[in-house]
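A.B. asks: Residue numbers (my numbering): 22 to 149. All C-beta atoms in this analysis are idealised placements derived from N, C-alpha and C, irrespective of residue type, glycine included. Sharing a structure below in structure tokens format, with a few things to ask.
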């Protein structure tokens, strides 16, 4: 998808596309807003593209790693016991659940940042 941001209405339309789970993939963003300087246009275009394409995987990986590490440290260092396959299964299930929750939270956070960027009032903008 090619996204051109030239007027305040383009910003509102792009913000409406910034859904939580069904966000479209944006290949290119062109920012032509007259109240932004050239350098700020380029930075804004890259930020909007990155946030549109964010999948939440970084937060999911961090949550998975943190949950599995905490559980293993607890089981191996604090409350040591013998290895068992059920314990291994519980560890994997906790890690996957934490990863899914982290991914969803990462998507929600990137959506919030994207909508905040697109809908923030601009002091120099005519009707933004």
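Quick one: give me the first and last residue of the alpha helix (DSSP H) that residue 94 is part of.
C.D. replies: Looking at the DSSP string, the run of the alpha helix (DSSP H) that includes residue 94 is 78-94.
A.B. asks: Which value, in whole angstroms, describes the spacing of the CA atoms of residue 102 and residue 94?
C.D. replies: Cα-Cα distance, rounded: 12 Å.
A.B. asks: At what residues does the alpha helix (DSSP H) containing residue 42 begin and finish?
C.D. replies: Run containing residue 42: none; DSSP gives neither H nor E here.
A.B. asks: Let me confirm a value: residue 90 is counted as buried when at least 16 other C-beta atoms fall within 10 Å, else exposed. Which label applies?
C.D. replies: Looking at its Cβ environment, which holds fewer than 16 other Cβ atoms inside 10 Å, residue 90 is exposed.
A.B. asks: Going by the beta-carbon positions, is the gap between residue 42 and residue 128 smaller than 8 Å?
C.D. replies: Yes, the pair counts as a contact, with Cβ atoms nearer than the cut-off.
A.B. asks: Could you check if residue 125 belongs to the surroundings of the ligand FAD, using beta carbon to heavy atom distance under 7 Å?
C.D. replies: The ligand FAD is absent from the structure shown, which contains no ligands of any kind.
A.B. asks: Who are residue 69's beta bridge partners in DSSP?
C.D. replies: Note: residue 69 sits in no beta bridge, so no partner.
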